[in-house]
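Chemist:
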Amino acid sequence: MLITIDGALKRLSEAAIDPNDILGCNWVYATINTLGHKPLHLESKLRHAFDSFEALYGLRPTFSAQEIREEIYNLLHFGLYPEGGNTVRLYLAPDGQRGARRYIAHLATTPYEGYGLLSVRPRATIANYEIPFERHQTSISLSSARFASDYAHRTQGATALRASRSGLLLSSDDAPLLVAQGFRLFTAPISEGGRDSVERELMFRVADMAGVTIQERAPKVEEVESYNEIMVFKPTGIESIYSVGEIQLENIYAHLLAKHLKALSREGLAR
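Mapped onto the working numbering, the consecutive letters of the sequence shown carry residue numbers 20 to 290.
#1: Smallest Cα separation from Tyr-122: which of Glu-132, Phe-252, Ala-177 and Gly-26?
#2: Go through its chain and collect everything with a Cβ distance to Leu-288's Cβ below 7 Å, but skip five positions before and after it.
#3: Does the beta-carbon distance from Ala-167 to Ala-179 come in below 7 Å?
#4: Identify which residue in Pro-238, Pro-80 and Ser-259 has its Cα closest to the Cα of Gly-115.
#5: Would you kindly work out how many angstroms separate the C-alpha atoms of Gly-213 and Gln-156, rounded to a whole number?
#6: Which residues in the same chain have their Cβ closer than 7 Å to the Cβ of Ile-266, if we skip the five residues on either side of it in sequence?
#7: Tell me where the beta strand (DSSP E) around Phe-252 begins and ends.
#8: Whole beta strand (DSSP E) runs in the region 106-152 with 3 or more residues, listed along the chain?
#9: Is the separation between the beta-carbon of Ile-22 and that of Val-107 shorter than 7 Å?
#10: Would you kindly work out how many angstroms separate the C-alpha atoms of Arg-224 and Leu-99, rounded to a whole number?
#11: For Met-20, count neighbouring Cβ atoms within 10 angstroms of its own Cβ and tell me buried if that reaches 16, exposed if not.
#12: Which residues bound the alpha helix (DSSP H) around Tyr-272?
#13: Distance, Cα to Cα, Ser-262 vs Gln-234?
#14: Taking the alpha carbon of Ala-119 as the point to measure from, which residue in Arg-285, Ala-164 and Ser-71 has its own alpha carbon closest?
#15: Counting C-beta neighbours from all protein chains within 10 Å, is the total for His-67 16 or more, i.e. buried, or is it exposed?
#16: Could you tell me the distance, in whole angstroms, from the CA atom of Glu-269 to the CA atom of Tyr-246?
#17: Tell whether a beta-carbon distance below 7 Å holds between Val-251 and Lys-64.
#18: Measure the beta-carbon distance from Tyr-134 to Leu-280 and round it to whole angstroms, keeping in mind my assumption that it falls under 8 Å.
#19: Near Ala-273, what residues of its chain come up, given a Cβ to Cβ distance below 7 Å and the 5 sequence neighbours on each side ignored?
#20: Out of Pro-238, Ser-138 and Leu-95, which one is the CA nearest neighbour of Lys-253?
#21: Among residues of its own chain, excluding the 5 on either side of Arg-140, which ones have a beta-carbon nearer than 6 Å to its beta-carbon?
#22: Any idea what DSSP makes of Asn-52, helix, strand or coil?
#23: Given a cut-off of 7 Å on the beta-carbon distance, is the pair Thr-255 and Tyr-92 in contact?
#24: Whole angstroms is fine: what's the gap from Ala-177's alpha carbon to Ala-143's?
#25: Between Pro-113 and Tyr-76, how many whole angstroms is the CB-CB distance? I'm expecting something under 8 Å.
#26: What are the boundary residues of the beta strand (DSSP E) that includes Ile-24?
#27: Starting from the Cα of Leu-161, find the closest Cα among Trp-46, Glu-286 and Arg-290 and give me that residue.
#28: Please go through the same chain and pick out, in chain order, the residues whose beta-carbon is closer than 7 Å to the beta-carbon of Leu-28, but skip the five residues on each side of it.
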């Protein structure tokens with residue numbers, strides 16, 4: 020297995036990595052989708068990650084999008100990964116006054132060429148938990164999402180929907196939620212705990228392509244029975260939730276939005 024460390028491609032077994040950087044709770048991350056070993060919407064991903072790093076650590080990374088683009092290509096090309104869909108994860112760890120150390124690792128190979136409508140419709144469980152620094156994608160938010168996912172599997176769900184103490188549905192797997200109620204689509208505002216991410220931006224973009232409007236209003240746990248659909252916009256595309264408890268959901272809007280995901284992928288190659 021290969022990994023890039025500060026621009027150098029190395030075998031993981033040979034890499035001198037401080038486990039506190041990768042395994043500890045002290046980094047900002049970005050999950051990046053790729054097509055043909057080329058990252059999608061990379062500049063937006065880096066902007067979000069750099070903004071978060073600067074907000075949390077007071078320093079802004081200085082490496083360029085072109086450097087990261089080349090590192091991702093080398094990681095996937097020399098790692099002999101297929102040229103279809105792959106996701107990689109960029110980790111930014113604080114390094115004293117020098118700014119950020121960066122690590123890029125392969126995360127998964129997917130059956131989708133760019134963004135797609137994810138083929139599995141999971142059952143969902145509602146999990147109540149809060150995330151510190153919730154505007155940012157960090158090791159804490161990722162660990163929380165993993166813990167919630169494990170909880171969902173133990174309670175006969177395959178994924179967890181994060182709810183706040185006040186009963187608002189906010190995210191799933193560290194990604195934004197989109198809910199359909201009748202002919203209305205809505206999602207939680209960032210000010211109320213909605214995930215501030217590139218996936219959120221792409222969710223609004225693909226809705227605009229489809230000619231539908233997303234209202235910024237937080238879904239509520241107490242209203243789940245009245246929802247037609249619940250969707251999650253993940254780094255690889257749209258996941259349509261099959262059910263929440265005994266409540267079965269539709270996937271009409273998911274298919275409508277999915278018609279425009281190829282165009283979203285093409286846009287991503289240029290950014």
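Just so it is clear, CB atoms sit at the ideal spot from N, CA and C, and this is done for glycine as well.
Modeler: Here's the rundown:
#1: Gly-26
#2: Leu-54, Lys-57 and Leu-59
#3: yes
#4: Pro-80
#5: 12 Å
#6: Val-243 and Glu-244
#7: 248-253
#8: 119-129 and 142-147
#9: no
#10: 32 Å
#11: exposed
#12: 271-277
#13: 23 Å
#14: Ser-71
#15: buried
#16: 9 Å
#17: no
#18: 4 Å
#19: Leu-136, Glu-248, Met-250, Ile-257 and Ser-259
#20: Ser-138
#21: Ser-259 and Tyr-261
#22: strand
#23: no
#24: 6 Å
#25: 5 Å
#26: 21-24
#27: Trp-46
#28: Leu-21, Asn-93, Leu-94 and Phe-97
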